[in-house]
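**Student:**
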Amino acid sequence: MTRREILLLHLRVLARRGLLVEAREQVPEKHDTGLERRVLASKGRGLMKRKVMIVGIGPGDPDCVTIQAIKAMNRVDVFFMPDKGAEKADLGRFRRSIIDRYVRDRPFRTVEYRVPPRRRDCDSYEGAVATWHAEIGDIYGKLLLEHLSESEIGAFLVWGDPTLYDSTLRIVERLRAKGGFEFDYDVIAGVSSVQALAARHRVPINEIGRPVLITNGRGLAEGLPANADSAVVLLNADKALRGTDGELDAYWGAYVGMPQESLVSGKLKDIVDEVERVRSAARREHGWIMDCLLLKTPRERSSPHSPTPRERPARKRRT
Ligand SMILES: C[S@@+](CC[C@H](N)C(=O)[O-])C[C@H]1O[C@@H](n2cnc3c(N)ncnc32)[C@H](O)[C@@H]1O
Numbered sequence: 310m311t312r313r314e315i316l317l318l319h320l321r322v323l324a325r326r327g328l329l330v331e332a333r334e335q336v337p338e339k340h341d342t343g344l345e346r347r348v349l350a351s352k353g354r355g356l357m358k359r360k361v362m363i364v365g366i367g368p369g370d371p372d373c374v375t376i377q378a379i380k381a382m383n384r385v386d387v388f389f390m391p392d393k394g395a396e397k398a399d400l401g402r403f404r405r406s407i408i409d410r411y412v413r414d415r416p417f418r419t420v421e422y423r424v425p426p427r428r429r430d431c432d433s434y435e436g437a438v439a440t441w442h443a444e445i446g447d448i449y450g451k452l453l454l455e456h457l458s459e460s461e462i463g464a465f466l467v468w469g470d471p472t473l474y475d476s477t478l479r480i481v482e483r484l485r486a487k488g489g490f491e492f493d494y495d496v497i498a499g500v501s502s503v504q505a506l507a508a509r510h511r512v513p514i515n516e517i518g519r520p521v522l523i524t525n526g527r528g529l530a531e532g533l534p535a536n537a538d539s540a541v542v543l544l545n546a547d548k549a550l551r552g553t554d555g556e557l558d559a560y561w562g563a564y565v566g567m568p569q570e571s572l573v574s575g576k577l578k579d580i581v582d583e584v585e586r587v588r589s590a591a592r593r594e595h596g597w598i599m600d601c602l603l604l605k606t607p608r609e610r611s612s613p614h615s616p617t618p619r620e621r622p623a624r625k626r627r628t
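The numbering of the sequence shown is this note's numbering, which starts it at 310 and goes up by one.
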């Protein structure tokens, strides 16, 4: 028997005794002394830490869920499902449909929790967000303690990619730092709305060798910073439509990847009215909207780092 086979056998025995829950997934191709150390440690204690998966599920198209996310979801015992109120019920339904469609290998439980609204009456935005995150952190703590046994894996399914414009990682890390009980977590990358938007418009996000600004609608009040040729606007994208340089090439999308998808592109000043019209009609119809915007300096005005002619002229397109 090779060392790897002996190790595998060892892991299977531990898994059967319930001492190790991740035997199958964690065995690397090559011998890994780190893994051996973890096995020995688990033998000594007889218990594993609770584990949390923070899984990116893409921007609303079930076909954008990655194989890595599917594999991770098929290891989960408890899915923690946010209830963000009636307005976001469609998003909740999407999360459920992802689980129903892709989780095949094991039984699981779902636990719903209410996401508290962010207070609007605080002095500073930062203060309000910190208080809100602390509240959500307390809720996460209770969820993990009350609904996840020590050898189980729980999951939060995060819209798009968990590392972009999402605070789950910050909240979970703060909870871990706070102590009280031990848990570990993994992050599974997802397709972000930014990538989906750029792909649907068939446009690269950055110009060659040039920086990209990722910001929210208010972050563009002053226009594009001098060193960036492109900006991606998430959250309140509508706020960036006016007050920003109208000569920029703009690529807007709402519900990107979803059945309700709308796309409009062209010079910002030429599309702003249409985007606002489409946006408010869609919001009225569906009760909620998620839209984002990619703005780019027209090639002729951009830096000498991007000398090639524009591949596709700015166009106005509605689908
Ligand atoms: C809290 S951020 C989450 C971003 C997410 N983590 C990601 O990677 O796309 C929510 C914002 O993302 C953008 N967004 C997310 N999904 C979208 C979609 N399917 N279509 C358009 N914009 C979307 C919107 O700007 C929305 O306000």
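Virtual Cβ for every residue (Gly too), placed ideally from N, Cα, C.
(1) Looking at C-alpha atoms only, which residue of Ala-507, Leu-466, Lys-358 is the closest neighbour of Leu-457?
(2) Taking Arg-413 as the reference, which of Asp-386, Val-503, Pro-568, Asp-600 has the closest Cα?
(3) Check whether the Cβ atoms of His-442 and Arg-485 lie closer than 8 Å to each other.
(4) Taking the straight line between their C-alpha atoms, what separation do you get for Arg-608 and Leu-478?
(5) Given 8 Å as the limit, is there contact between the region 588-605 and the region 535-551, that is, 3 or more CB pairs closer than that?
(6) State the CB to CB distance for the pair Gly-555 and Leu-529, rounded to an integer number of angstroms; the pair is presumed to be in contact (CB under 8 Å).
(7) On the three-state DSSP scale, how would you describe Ile-445?
(8) Tell me which residues share the same chain as Val-587 and place their Cβ nearer than 6 Å to its Cβ, disregarding the 5 neighbours each side in the sequence.
(9) Lys-578 lies in the alpha helix (DSSP H); which residues open and close that run?
(10) How long is the line joining the alpha carbons of Pro-568 and Phe-403, rounded to whole angstroms?
(11) Report the residue ranges of all beta strand (DSSP E) runs contained in full by the region 354-397; include only those spanning at least 3 residues, in chain order.
(12) How do the region 457-470 and the region 360-373 stand: do at least 3 beta-carbon pairs fall below 8 Å, yes or no?
(13) In this structure, how does DSSP classify Val-424 when only helix, strand and coil are distinguished?
(14) If you pair each beta-carbon of the region 492-509 with each one of the region 406-423, do three or more pairs fall below 8 Å?
(15) In the structure shown, what three-state DSSP assignment does Ile-598 receive?
(16) Taking the continuous alpha helix (DSSP H) assigned at Leu-484, which residues delimit it?
(17) Would you check whether ligand 1 has a heavy atom nearer than 7 Å to the C-beta of Leu-543?
(18) Going by Cα to Cα distance, which pick from Gly-446, Pro-426, Arg-519, Arg-428 is closest to Leu-606?
(19) Are Tyr-449 and Val-496 touching if we call contact CB-CB under 8 Å?
(20) For Asn-383, tell me which candidate among His-510, Asp-409, Leu-453, Asp-392 has the shortest Cα-Cα distance.
(21) Note the first and the last residue of the continuous alpha helix (DSSP H) segment covering Ala-507.
(22) What number of angstroms, rounded off, separates the C-alpha of Lys-360 from the C-alpha of Asp-493?
(23) What residues in its chain sit with their C-beta under 7 Å from that of Arg-551, if we drop five residues either side in the sequence?
**Tutor:** In short, the structure shows the following:
(1) Numbered from its first residue, the sequence shown carries residue 457 at position 148. Minimum Cα distance to Leu-457 is reached at Lys-358.
(2) Taking the first residue of the sequence shown as 1, we reach residue 413 at position 104. The shortest C-alpha separation from Arg-413 is found at Asp-386.
(3) To locate residue 442, count along the sequence shown from 1; it is residue 133. To locate residue 485, count along the sequence shown from 1; it is residue 176. It is not a contact, given that the beta carbons lie outside the stated cut-off.
(4) If you number the sequence shown from 1, residue 608 lands on position 299. If you number the sequence shown from 1, residue 478 lands on position 169. Distance between the alpha carbons of Arg-608 and Leu-478: 37 Å.
(5) The region 588-605 makes contact with the region 535-551; the number of CB pairs closer than 8 Å reaches 3 or more.
(6) Residue 555 sits at position 246 when you count from the first residue of the sequence shown. Residue 529 sits at position 220 when you count from the first residue of the sequence shown. Rounded, the Cβ-Cβ distance is 12 Å, inconsistent with contact.
(7) Residue mapping note: residue 445 aligns to position 136 of the sequence shown, counting from 1. The answer is helix: DSSP assigns Ile-445 an H, G or I state.
(8) Working through the sequence shown from its first residue, we reach residue 587 at position 278. Excluding residues within five positions, the ones whose Cβ falls inside 6 Å are Ser-571.
(9) Within the sequence shown, numbered from 1, the residue matching residue 578 stands at position 269. That run of the alpha helix (DSSP H) goes 577-595.
(10) What you label residue 568 is simply residue 259 of the sequence shown in a count that begins at 1. What you label residue 403 is simply residue 94 of the sequence shown in a count that begins at 1. Whole-angstrom Cα-Cα distance: 12 Å.
(11) At a cut-off of 3 residues, the continuous stretches assigned as beta strand (DSSP E) that sit fully inside the region 354-397 are 359-365, 387-392.
(12) Contact between the region 457-470 and the region 360-373 is established, with three or more Cβ pairs separated by less than 8 Å.
(13) Numbered from 1 along the sequence shown, position 115 holds the residue referred to as residue 424. Val-424 sits in coil when the DSSP states are folded into three classes, being neither helix nor strand.
(14) With fewer than three CB-CB distances shorter than 8 Å, the region 492-509 does not count as touching the region 406-423.
(15) Along the sequence shown, one-based indexing puts residue 598 at 289. Look at Ile-598 here: in three-state DSSP terms it is coil, with no helix or strand label.
(16) Stepping through the sequence shown from its first residue, residue 484 is reached at position 175. Note, Leu-484: alpha helix (DSSP H), 477-487.
(17) Counting from one through the sequence shown, the residue named residue 543 turns up at place 234. A distance criterion of 7 Å places the beta-carbon of Leu-543 in contact range of ligand 1, judged by its closest non-hydrogen atom.
(18) Mapped onto the sequence shown, residue 606 falls at position 297. Here residue 606 is Thr; the residue named in the question, Leu, does not match the sequence. Nearest option by C-alpha distance: Arg-519.
(19) The residue labelled residue 449 in the question sits at position 140 within the sequence shown. The residue labelled residue 496 in the question sits at position 187 within the sequence shown. No; because the gap between Cβ atoms is not below 8 Å, this pair is not in contact.
(20) By 1-based counting over the sequence shown, the position of residue 383 is 74. Ranking His-510, Asp-409, Leu-453, Asp-392 by Cα distance to Asn-383 puts Asp-409 first.
(21) Here residue 507 refers to the residue found at position 198 when the sequence shown is read from its first residue. If you look at Ala-507, you'll find it in the alpha helix (DSSP H) that goes 502-510.
(22) Taking the first residue of the sequence shown as 1, we reach residue 360 at position 51. Taking the first residue of the sequence shown as 1, we reach residue 493 at position 184. Annotation: Lys-360 to Asp-493 spans about 5 Å, alpha carbon to alpha carbon.
(23) Here residue 551 corresponds to residue number 242 of the sequence shown, with the count starting at 1. Once the five neighbours on either side are set aside, the close Cβ partners of Arg-551 are Val-581.
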